[in-house]
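What follows is a single structure, written as structure tokens, with notes after it.
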Amino acid sequence: MAKKLFLAVAIIVAVIAARVVYMVTQASGLFVDTETVLADQCETIVTMPGPEDLAIDHQTGFAYFATVDRRQTDPRPRGSIYMLDLNDTASQPVEVLGNEIADFYAHGISLWRDSNGALRLFAVNHSKSGEAVEIFEVAQDGQLQHLETITSEAMRSLNDVVAVGPRQFYATNDQRYDGGIGGAAEVFLGLPLGELIYFNGRRVQTAASGFAYANGVNVSLDGRNIYVAETIGAKLTVFDRNQASGKLSARVEYDMGTGADNIDVAPNGSVYIGAHPDLLAFSAHSGDPEVISPSQVVKFDPSSDEFETVYMSEKGELNGSATGAYWNGTLLVGGVFDAKLARCPL
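At position 235 of the sequence shown (counting the first as 1) the number is 567 in my numbering, and the numbers step up by one without a gap.
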């Protein structure tokens, strides 16, 4: 009996060790070609630290991005939202978030425009009182007026949000456990415990689960598909969406081989995904800004299922890219920590 127990424990330990080695090897970017692509052709736009997520209103040419200095801990920083007029290459970012929300720690954002032309911005807020999605009305000059705060016990560790109606949205819970043994096991073993939630305007429910660190989320132009990025799982998952009920089905997974982050959908339906080809370097960069964290943007063509790296920074031109967004033949790239955006000609 003792021998069988010992053998069983030995097998479990061996399996866990093999899994850790596999996850570390994948996270190291060993199998990703980090040769520079486009990064040496970009101009720099100075911002506040951490323009982690971008959302472009292609009707006006205004780009909105959420910022927060994630390295500052004492006192806890207040994040904000800025607007950049892409019609004018000389324009500089303008803060559009007012003082209505004192406790605002920014993360993912999303835009939604109704049939009458009214625009709303949805933003993930890691407030001290709990996870929330804030909804704002966007004025013609880009300024934000706070409308509503949506909270739920199902919002455990929000990362990104995509609006699909005036109050309806999907959002990712990237992890189940916040620190401790559970959090460490989830990260180092790549446990698929992240999930996608859906708020139908009345209540929050689980829309999908089984993601190894669920990160970016977005919707196709016709509203029929939902895209979800996995950072640790290094995947892009595409769902068919029932537009009436919000329910998802027909899950298709694509192995990207890189740590996928935020997702942008261009006017022609192409999908741009910010990514971290070396997650170990990204982790080191989070604690030391002198450590280079390679940046990547991958373009996905839903009509052909083809992936193409359209941006790669390997020399610190921009570190820790979280998002790449298309605008009129150019690419905007933002990172988790750097106080800048890259604007690149495609």
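All residues carry an ideal CB built from backbone N, CA and C; glycine is no exception.
Under the assumption that residue i contacts residue j (Cβ atoms under 8 Å), give the Cβ distance between them as a whole number of angstroms.
| i | j | result |
| --- | --- | --- |
| Ala-566 | Thr-590 | 6 Å |
| Gly-555 | Arg-573 | 7 Å |
| Val-629 | Val-668 | No, Val-629 and Val-668 are not in contact; Cβ-Cβ is about 14 Å, not under 8 Å. |
| Phe-531 | Gln-500 | 6 Å |
Per the DSSP calculation, residue i is bridged to which residue(s)?
| i | result |
| --- | --- |
| Phe-632 | Val-603 and Phe-639 |
| Ser-627 | Ser-645 |
| Val-493 | Ala-503 |
| His-478 | Phe-468 |
| Ala-657 | Leu-664 |
| Ser-461 | None; Ser-461 has no bridge partner. |
| Leu-673 | Ile-377 and Gly-666 |
| Glu-585 | Thr-569 |
| Val-597 | Val-603 |
| Thr-399 | Ser-412 |
For residue i, I'd like the list of residues in its chain whose CB is within less than 6 Å of its CB, leaving aside the five on either flank, ordered along the chain.
| i | result |
| --- | --- |
| Ala-486 | Ile-529 and Val-536 |
| Ala-464 | Asn-457, Thr-481 and Thr-483 |
| Tyr-509 | Gly-515 and Glu-518 |
| Pro-425 | Thr-379, Tyr-414 and Leu-416 |
| Gly-652 | Phe-614, His-617, Ser-625, Gly-667, Val-668 and Phe-669 |
| Leu-525 | Arg-508 and Glu-518 |
| Ser-489 | Asn-505, Asp-506 and Gln-507 |
| Gly-393 | Leu-418 and Asn-419 |
| Gly-548 | Asp-492, Ala-561, Asp-593, Asn-594 and Ile-595 |
| Trp-444 | Arg-452 and Ala-495 |
| Val-428 | Ile-413, Met-415, Gly-474, Gln-475 and Leu-476 |
| Thr-376 | Lys-672 |
| Val-623 | Ala-616 and His-617 |
Kindly indicate which three-state DSSP category residue i falls into: helix, strand or coil?
| i | result |
| --- | --- |
| Val-426 | strand |
| Leu-521 | coil |
| Ala-616 | helix |
| Asp-372 | helix |
| Ala-516 | helix |
| Leu-663 | strand |
| Leu-678 | coil |
| Leu-650 | coil |
| Ala-359 | At Ala-359 the pLDDT is 49, less than 50, meaning the model places this residue with poor confidence and gives no usable figure here. |
| Val-353 | Reliability of the predicted coordinates at Val-353 is poor, the pLDDT of 40 falling under 50, and the value obtained from them is presented with this limitation in mind. Helix at Val-353. |
Identify, in the order they occur along the chain, each residue of the same chain with its Cβ nearer than 7 Å to the Cβ of residue i, setting aside the five sequence neighbours on each side.
| i | result |
| --- | --- |
| Leu-568 | Tyr-559, Ala-561, Tyr-586, Met-588, Ala-592, Ile-605 and Phe-632 |
| Pro-599 | His-390 |
| Glu-527 | Asn-505, Thr-538, Ala-540, Ser-541, Phe-543 and Ala-546 |
| Arg-680 | Residue 680 lies beyond the stretch modelled for the chain, which goes from 333 to 678, so this question has no answer here. |
Excluding the 5 residues flanking residue i on each side, which residues of the same chain have their C-beta closer than 8 Å to its C-beta?
| i | result |
| --- | --- |
| Pro-634 | Ser-552, Asn-557, Val-570, Gly-601, Ser-602 and Val-603 |
| Glu-367 | Met-644 and Glu-646 |
| Gln-373 | Cys-676 and Pro-677 |
| Ala-371 | Ser-627, Tyr-643, Met-644, Ser-645, Glu-646, Lys-647, Glu-649, Leu-650, Ala-674 and Cys-676 |
| query | If you scan the segment 408-459 from start to end, which runs of the beta strand (DSSP E) of 3 or more residues do you find wholly inside it? | reply | 412-417, 438-445 and 451-459
### Query
Which full runs of the beta strand (DSSP E) of 3+ residues lie inside the segment 522-579, going along the chain?
526-531, 536-543, 546-551, 557-562 and 567-573
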